[in-house]
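In full-length UniProt numbering, the protein residues as written are 1 to 610.
Idealized CB from N, CA, C, for every residue including glycine.
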Amino acid sequence: PPTCSLRPAPRPSAQCPDTAPHQPGLSRLVLSDELVRPPRPAAQANPSPRTGARDQWSKKVDFLLSVIGFAVDLGNVWRFPYVCYQNGGGAFLIPYTLMAVFGGVPLFYMELALGQFHRVGAIPIWKHICPIFKGVGFATCVIGLYVSFYYNTILAWALYYLYSSLALALPWTSCGNPWNTPNCTSYFGRSNATWTPSSSSPAEEFYMRKVLGLQDSRGLDSVGGIRWQLLLCLILIFTIVYFSLWKGVKTSGKVWVDAAAQIFFSLGPGFGVLLALASYNPFSNNCYRDALVTSAANCLTSFLSGFVIFSVLGYMAEMRGVEVEDVAKDRGPGLLFITYPEALANMAGSTFFAIIFFLMMVTLGLDSTFGGLEAVITAVMDEYPHILAERRELFVLGLLTVCFLGSLATVTNGGSYVVKLLEEFGAGCSILAVVLLEAIAVSWFYGMPQFCSDVKAMLGFSPGVYWQVCWVAVSPAFLVVSTRGIPPLTMFGYRYPAWSAVVGYLIGASSFVCIPVYMVLRLVWTPGSLKQVRENSSCIHLGAERGIFRPGRECPTYLFQLICCPRDKGRRFLPKRAARSELPFPEALRGRMGSPGDFSACGLGNASGG
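Okay, structure coming up:
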């Protein structure tokens, strides 16, 4: 590990026009091997913290379409309509909108700004923000791998449907096929069809028996063999992904709880994708406008999908003579591969519209998988540039090989059960916890003054009070509320065994455990006394890269000292620290709440400045 030393901040240089006057006596912890950079040339117009060449988007529209493509994914088509219906229909739009305005969009904006300013991926960015939280970057990459294990399988299903749509007659329009059962009932175009509780539609049987092969599996205890049709589709999907990513970006998101979870999963903060994509932007790009445009496009797409699927479900319920909830039994991909195909089968020119629909599904999903894997690629390559800088093609090939091997269990006869297990546990509570820690690290440890200063350096204006309040308090509160346990899983009448929950929580913990493990290792590896580690390992000043010291960046250390220093020494210690921290008085009070003496000591220090 790099060596650490306490030393005075360097004096301002003519090469650093944005430096602040040096304050004698102040010292800070510097990672000499990682943070000290050559001074920026005076002719450089924008104060970018990174030097050296880095790829950039060839056009602004490429970045916008990439972010929108990641945010607008298959979940917008099936998850939002189901969650909306489950929580009261139109009434759900009120908490959904509030969660978007006060939770999802602010964090979306934060990630774009962080990625654009620091111009690195999800792992190395933490040495510029708060090194002890670097495990968050590793957790993000692990979650990205889990998502790729099942998400590309859903694309393989869509690709198989696209291939099946090329027939003159869609195979899910009738019951006379080898995979159909006596319970198959086709009611489209027939006035004398009787729907019973045991009836199943041709689209249901095509999806469950022909595509998935569930009749040959007994569940997770015996998933059966690999379905070669899906395996070929999966290979084709990974081939497309490889040739889209190998050269880089130049070639290539209980009612209140559900509302919070939906908006965070839909917009996608915490996956590292926004950090990675924004890191290839020009330094002065207007990421504020990008965040608003992309978030609006994502939410409008969800609303449009809801209108379409509610119309289809209502029509199907009317034709069957049942309630809507009896039609929408599955909250997952079944809405894509049963409900929509049934609707398409009843349309004039059904073959043409089926081809268009499933082609859209494939392209919609590919955009999201491109973003997810690019986040992992960018994070790892930026963390180990000396090894991978000239070997991107080989690294991408190795990464996709790992993802392909991890996906093999999902293309078996019982693979859909594995898909649901990974979907619920691999990227469920883990991603919410990652986003929560990211928001806390940036808002509380990196500090609002520094973050707002970074945004101002890029855009020419600082974020308003609304954004700062959301980042510091509102968004983390929403994330805490939306974190919850996962209920027992069921799928097509199959109830998951008890051991599957244990396996699922182990999968979820395997990503989150990266965070505390790295914190412990960081504290063990950092040289110095326990007091120095406690006081200084929380945040390393980005100002070292600019040759300056910013007093406001000492706030996290100050808070730790407020909390940890002994009471008897604190009365003499607090006034001086309060003056040097430049921390607002309410923040100082929260650090030592409950003592009138501490209250007065902090207040005197802030007021007197010494």
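What does the alpha-carbon distance come out to for the pair residue i and residue j?
i	j	result
residue 415	residue 232	15 Å
residue 406	residue 514	20 Å
residue 521	residue 202	56 Å
residue 257	residue 144	For residue 257, the predicted model reports a pLDDT of 48, less than 50, meaning its position is unreliable; a value from the coordinates is still stated below. For residue 257 and residue 144, the distance between alpha carbons rounds to 23 Å.
residue 283	residue 115	10 Å
residue 498	residue 490	11 Å
residue 52	residue 211	For residue 52, the predicted model reports a pLDDT of 49, less than 50, meaning its position is unreliable and no value from the coordinates is stated.
residue 133	residue 419	30 Å
residue 164	residue 123	42 Å
residue 71	residue 326	30 Å
residue 362	residue 206	19 Å
residue 77	residue 313	13 Å
residue 295	residue 217	41 Å
residue 244	residue 83	33 Å
residue 360	residue 366	10 Å
residue 542	residue 119	Only weak support exists for where residue 542 lies, its pLDDT of 43 falling under 50; the value from the coordinates is given anyway. Their backbone Cα atoms lie some 13 Å apart in a straight line.
residue 432	residue 492	27 Å
residue 220	residue 423	15 Å
residue 342	residue 166	16 Å
residue 179	residue 68	39 Å
residue 286	residue 292	11 Å
residue 358	residue 385	39 Å
residue 379	residue 350	44 Å
residue 579	residue 437	Note on residue 579: pLDDT 43, under 50, position unreliable in the model; no value is reported.
residue 278	residue 446	19 Å
Do residue i and the ligand COA come close, with the Cβ less than 8 Å from some heavy atom?
i	result
residue 64	Questions concerning the ligand COA fall outside what the structure shown contains, since it holds no ligand whatsoever.
Of all the options the options, which has the alpha carbon lying nearest to the alpha carbon of residue i?
i	options	result
residue 426	516, 506 and 182	506
residue 129	448, 387 and 310	448
residue 80	68, 69 and 93	93
residue 344	171, 142 and 136	171
residue 288	452, 509 and 512	452
residue 139	511, 523 and 524	511
residue 355	369, 398 and 158	158
residue 459	399, 66, 222 and 290	290
residue 97	154, 302, 176 and 113	302
residue 105	519, 467 and 525	467
residue 281	223, 62 and 222	62
Could you tell me the boundaries of the alpha helix (DSSP H) in which residue i lies?
i	result
residue 341	340-345
residue 229	228-245
residue 299	287-320
residue 353	350-383
residue 398	392-407
residue 411	Unbroken run through residue 411: none, as it is neither H nor E.
residue 487	Segment: none, residue 487 is in no alpha helix (DSSP H) and carries neither H nor E.
residue 471	Note, residue 471: premise wrong, no alpha helix (DSSP H); not H, not E.
residue 501	498-512
residue 284	Segment: none, residue 284 is in no alpha helix (DSSP H) and carries neither H nor E.
residue 59	No alpha helix (DSSP H) contains residue 59, which DSSP labels as neither H nor E.
residue 127	126-129
residue 116	105-118
residue 210	It is not in any alpha helix (DSSP H) - residue 210 carries neither H nor E in the DSSP assignment.
residue 438	429-440
residue 96	93-99
Within the same chain, show all residues whose beta-carbon is closer than 6 Å to that of residue i, passing over the 5 residues directly before and after it, in chain order.
i	result
residue 230	156 and 411
residue 504	421 and 425
residue 496	489
residue 404	238
residue 570	Low per-residue confidence applies at residue 570: pLDDT is 40, beneath 50, and the placement is therefore not dependable enough to give any value.
Near residue i, which residues of its chain fall below 7 Å by C-beta distance, leaving aside the five closest residues on each side in sequence?
i	result
residue 107	269, 435, 439 and 475
residue 169	none
residue 611	Residue numbering for the chain in the displayed model covers 1 to 610; residue 611 lies beyond these limits and cannot be assessed.
residue 204	338
residue 246	392, 393 and 396
residue 304	none
residue 336	74, 77, 78 and 361
residue 215	209
residue 518	134, 135 and 138
Suppose the cutoff is 8 Å on Cβ atoms and the five residues either side in sequence are ignored; what does the same chain contact list for residue i look like?
i	result
residue 226	408, 411 and 412
residue 347	353
residue 381	121, 388, 389, 392 and 395
residue 456	462
residue 102	470, 474, 475 and 478
residue 242	396, 397 and 400
residue 370	66, 69, 70, 241, 244, 245 and 252
Any alpha helix (DSSP H) of 4 or more consecutive residues that is wholly inside the region 135-201: 135-164
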